[in-house]
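Notes follow the structure.
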Amino acid sequence: MTTPTTDQLRQMANKLRAHVLRMTTTAGSGHPTTCLSAAEIMSILFFQHLRFDPARPEANDVDHFILSKGHAAPILWAALFEAGALSDDLLTLRKLTSRLEGHPTPNHPWVRIATGSLGQGLSAGCGMAIGKQRADEPGEVFVLLGDGECAEGAVWEAAQFAGHYRLANLCAIVDLNRLAQSGPSYFGHDAEGLARRFAAFGWHTITVDGHDITALQHALAEARTRGDVPTAIIARTFKGQGLAGIADQDNWHGKPLPVDRLEAAIQALGPIDGRLIVAPQRLGGPATPARCIGTLDTPRYERGQLVATREAYGTALAKLAQAYPRLIALDADTKNSTFAEKMLQTDARRFVECFIAEQNMVGAALGLAATGWTPCVSTFACFLSRAYDFLRMAVISRPAHLILCGSHAGVSIGEDGPSQMAIEDIAMMRALVASTVVCPADAVATEHLLAGLLERPGVCYLRTARPKTPVLYAPDEAFPIGGAKILRQTPKDRCTIVAVGVTVHEALKAADQLGAAGIAVRVIDAYSIKPIDALTLRAAAVATGRVLSVEDHTIWGGLGDAVAEALSDGDHAGLVRLKRLGVHAIPRSGTPAELMAAHGIDANAIVQAVRTLIA
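Residue numbers are given in the working numbering: position 251 of the sequence shown equals residue 1035, and the series is strictly consecutive.
This is the structure:
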């Protein structure tokens, strides 16, 4: 490819500006001024610096680009259009039938990471970069951030992570245009001050005039050749650059130009003739291995054996890694409690210690998922709430596979107290669109469910517990996602008890006590909470007339609500008596037995609830 001249790149920058103005004015909405400040950066990246194939958005042996400042989507669409990577009508921006959305989403194949909730792109870039590093894959990762989003703590979680792992194949470019949405950003135009912050986390930093083509070229070349640490380019720009009376002026965020000012504004940009041809570039390197290259053995547990499901997760992780060469584990300094350390012991290159920074951990996992890895993320379930916005955006990103394991769930963890108890996590994960939520009751189920999630698309959640519990199932038992297990059943059952996790064992104890008193009950392990086995639940409800749900989770939004929703559909709706047992108040420290009794989810509480239902 012929190297473009400075004048050609300057004209391309103005051509991108013209596209942006036409797109946003036609749409009647959008963020043109934040696009215009980044025009020179995008011109040089897409028409000189990035090595990519405009015909192959799925390629991994290329450089990757993430637009972290997602509200600048119009200039991304414009750059891809001019590069020959998309042929969509740019004037359909923000229309319901268009792939060119207001913020980048994978509705368009050139977007791997959905952005728009600010402060998340650098974490995903870290995941892409460390994935390339661990797989010895060529290519670099470029992340374009806005200065306003650098107020987000997640940016500095990512900066610290990248510096620690010396991700030399990662380059962050900050569009320092001074103005955020409602006024100046933290940093204004203090490029050196922002550079010092990145340098403090171990980055090589470069400050530059973001509208100077030659200076940007030198900065990007320096970033490419510096081979030991990540690089941050702080580009001082002006919001709305090229628009007289608007550039560097407040109160223009998210406002398109009026129609009657459009053409004059475009004419004032200067020459925009010609087109730069982007020649396809592929960097070679190792091919992505097959998803599964081996046969999975059945779990090696015996009925009655005491095993915590959190430990079974770690065992399953290390075992499944032998069959899935692109499986990689991430943990947030809890690996000796979640037992993810077993993966570290099996293959250190496929384990990433993310330290106590859960937002960045989930963001990095999304970056790994976007480049062909199958990430398994683990920490205490309560701390995943810290990363909930990352999970929300992960769903929008539609990863092929992203598995989260939340351990130490519920009050059954005992003495650590309420700050460590996840009693909202099922509700949180169920609320995500297109998520999968499972909760195994024993070690066998844990291993089978993790194997099933590895083949399940999207964001998946596996909930594990701290206490050791007896193995209930034979090693060859099947656990299809969306299924349930009937553990006790007779023709004379007068109530159905639906439980998950540790409460399955309490339900079985209660069934024994009730059976001794002549009261037959059905017990269902609803290990798949989303999707839930509505057919099995409805059949049991019709047969017994009464349903009792019990869970080590708040009564709001968890298993009980999932059961109620399943039973609310169908001809029998309203004909079944339903009662929910769950955590109903803020817990406190105590033994697991004391806490389960105090919150009415142990065997004795189940017995009493059944007696009340059938009275």
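Even glycine gets a Cβ: it sits at the ideal position worked out from N, Cα and C.
Fair warning: this is a prediction, and the values are worked out from it, not measured in the lab.
Query raised in the report: Taking just the CA atoms, how far does PRO816 sit from ASP791?
Result: When rounded, the separation of the alpha-carbon atoms in ASP791 and PRO816 is 23 Å.
Requested in this report: Please look up how many angstroms separate the CB atoms of LEU800 and ILE1050, rounded, as I've assumed it's under 8 Å.
Outcome: The beta-carbon distance between LEU800 and ILE1050, rounded to whole angstroms, is 12 Å. This is too long to meet the 8 Å contact definition.
Requested in this report: Report yes if the C-beta distance between LEU1234 and TYR1097 is below 8 Å; otherwise report no.
Outcome: The answer is yes: Cβ separation under 8 Å.
Query raised in the report: Contact check, GLY911 vs ALA1148 under 8 Å by CB: the rounded distance?
Result: Between GLY911 and ALA1148, the beta carbon gap of about 4 Å places them in contact (Cβ cut-off 8 Å).
Query raised in the report: Nearest to ARG896 by CA position, among VAL1282, VAL1146, LEU1150, PHE1174, is which residue?
Result: Nearest of VAL1282, VAL1146, LEU1150, PHE1174 to ARG896, Cα basis: LEU1150.
Query raised in the report: Which ranges would you report for the alpha helix (DSSP H) in the stretch 1290–1356 if only whole runs of at least 4 residues count?
Result: Scanning the stretch 1290–1356 for uninterrupted alpha helix (DSSP H) segments of 4 residues or longer gives 1318–1328, 1343–1352, listed from N- to C-terminal end.
**Report entry** Three-state class that DSSP yields for LEU860 in the structure shown
**Finding:** DSSP, reduced to helix, strand and coil, places LEU860 within a helical segment of the structure shown.
Query raised in the report: Which runs of the beta strand (DSSP E) fall wholly inside the stretch 908–981 and span at least 3 residues, in chain order?
Result: Annotation note: the stretch 908–981 contains the following uninterrupted beta strand (DSSP E) runs of length 3 or greater, listed N- to C-terminal: 925–930, 954–960.
Report task. Any chance you could list the alpha helix (DSSP H) runs of at least 4 consecutive residues sitting entirely within the stretch 972–1032, in chain order? Result -> Runs found: 975–984, 997–1009.
Requested in this report: Would you check if there are 3 or more beta carbon pairs closer than 8 Å linking the stretch 1384–1399 to the stretch 1295–1314?
Outcome: Enough Cβ pairs lie closer than 8 Å, so yes.
Query raised in the report: For the beta strand (DSSP E) that contains ARG1272, what are its first and last residues?
Result: Its beta strand (DSSP E) spans residues 1269–1272.
Query raised in the report: Looking at the structure shown, is ALA1165 part of a helix, part of a strand, or coil, going by DSSP?
Result: Taken through DSSP and simplified to helix, strand or coil, ALA1165 comes out as helix.
Requested in this report: Could you pull the start and end residues of the alpha helix (DSSP H) that LYS1126 belongs to?
Outcome: Where LYS1126 is concerned, the enclosing alpha helix (DSSP H) stretches over 1125–1130.
Query raised in the report: Taking the alpha helix (DSSP H) that LYS1252 falls in, what are its first and last residues?
Result: Taken as a continuous stretch (DSSP letters only), LYS1252 belongs to no alpha helix (DSSP H), being part of the beta strand (DSSP E) at 1252–1254.
Requested in this report: Hey, could you find the ends of the alpha helix (DSSP H) GLU1208 is sitting in?
Outcome: Judged by DSSP secondary structure, GLU1208 falls outside any alpha helix (DSSP H); it is assigned neither H nor E.
Requested in this report: Rounded to whole angstroms, what's the CA-CA distance from ASN891 to PHE830? Just pull it up for me.
Outcome: Answer to the nearest angstrom: the Cα atoms are 21 Å apart.
Query - Start and end residues, beta strand (DSSP E) containing THR1118 - result: Going by DSSP, THR1118 is part of no beta strand (DSSP E) at all; its letter is neither H nor E.
Query raised in the report: How many Å lie between ALA761 and GLY1266 at the Cα?
Result: With the chain covering 785 to 1399 only, the question about residue 761 has no answer from this structure.
Query raised in the report: Any idea if VAL1043 is buried or exposed, counting beta-carbon neighbours within 10 angstroms, 16 or more meaning buried?
Result: VAL1043 is exposed by the Cβ-count criterion.
Query raised in the report: Looking at the structure shown, is GLU1137 part of a helix, part of a strand, or coil, going by DSSP?
Result: When DSSP states are grouped into helix, strand and coil, GLU1137 belongs to the strand group.
Query - Segment contact, 8 Å Cβ cut-off, at least three pairs: the stretch 1056–1074 with the stretch 832–850 - result: Yes, the stretch 1056–1074 touches the stretch 832–850.
**Report entry** Local Cβ density within 10 Å of GLU1335, reported as buried at 16 or more and exposed below that
**Finding:** Residue environment analysis places GLU1335 among the buried positions, since at least 16 neighbouring C-beta atoms fall within 10 angstroms of its C-beta.
**Report entry** Cβ-based burial, TYR970 [other Cβ within 10 Å; buried from 16]
**Finding:** Exposed.
Requested in this report: With a 10 Å radius around its C-beta and 16 neighbouring C-beta atoms as the bar for buried, classify SER1035 as buried or exposed.
Outcome: The residue you asked about is not Ser; residue 1035 is Asn in the sequence shown. Under this definition ASN1035 is an exposed residue.
Query raised in the report: Roughly how many angstroms lie between the CA atoms of SER1352 and VAL1286, to the nearest whole one?
Result: Near 26 Å, if we compare the C-alpha coordinates of VAL1286 and SER1352.
Query raised in the report: For ALA964, which option in LYS853, ARG1272, VAL1243, THR1253 has the closest C-alpha, if you only look at C-alpha atoms?
Result: The residue with the shortest Cα to Cα distance from ALA964 is LYS853.
Report task. Provide the residue(s) that pair with ARG1361 in DSSP beta bridges, ordered along the chain. Result -> BP columns for ARG1361 point to ARG1330.
Query raised in the report: Is it right to say THR1093 is buried, meaning 16 or more other beta carbons lie within 10 angstroms of its own, or is it exposed?
Result: Flag for THR1093 reads buried.
Query raised in the report: Measuring CB to CB, does THR991 end up less than 8 Å from ALA1005?
Result: Their beta carbons are not under 8 Å apart, which means THR991 does not touch ALA1005 by this criterion.
Query raised in the report: Mind checking SER966: buried by the 16 CB within 10 Å criterion, or exposed?
Result: Exposed.
Query - Same chain, Cβ closer than 6 Å to LEU978, five either side skipped, listed in chain order - result: PHE971, ILE1018.
Query raised in the report: Quick one: what's got a C-beta closer than 7 Å to LEU793's C-beta in the same chain, skipping five residues either side?
Result: Cβ neighbours of LEU793 beyond the five flanking positions: SER827, ILE828, PHE831, GLN832, ILE997.
Query raised in the report: Hey, would you say LEU906 sits closer than 8 Å to ALA857, going by beta carbons?
Result: No, the Cβ-Cβ distance between LEU906 and ALA857 is not below 8 Å.
Query - Contacting residues, own chain, Cβ-Cβ under 6 Å from HIS848 (five flanking each side not counted) - result: MET912, VAL925.
Query raised in the report: Would DSSP call PHE836 helix, strand or coil?
Result: Coil at PHE836, not helix or strand.
Query raised in the report: What does a CB cutoff of less than 8 Å around GLY937 pick up in its chain, not counting 5 residues either side in sequence?
Result: These residues qualify, in order along the chain: GLY903, GLN1143.
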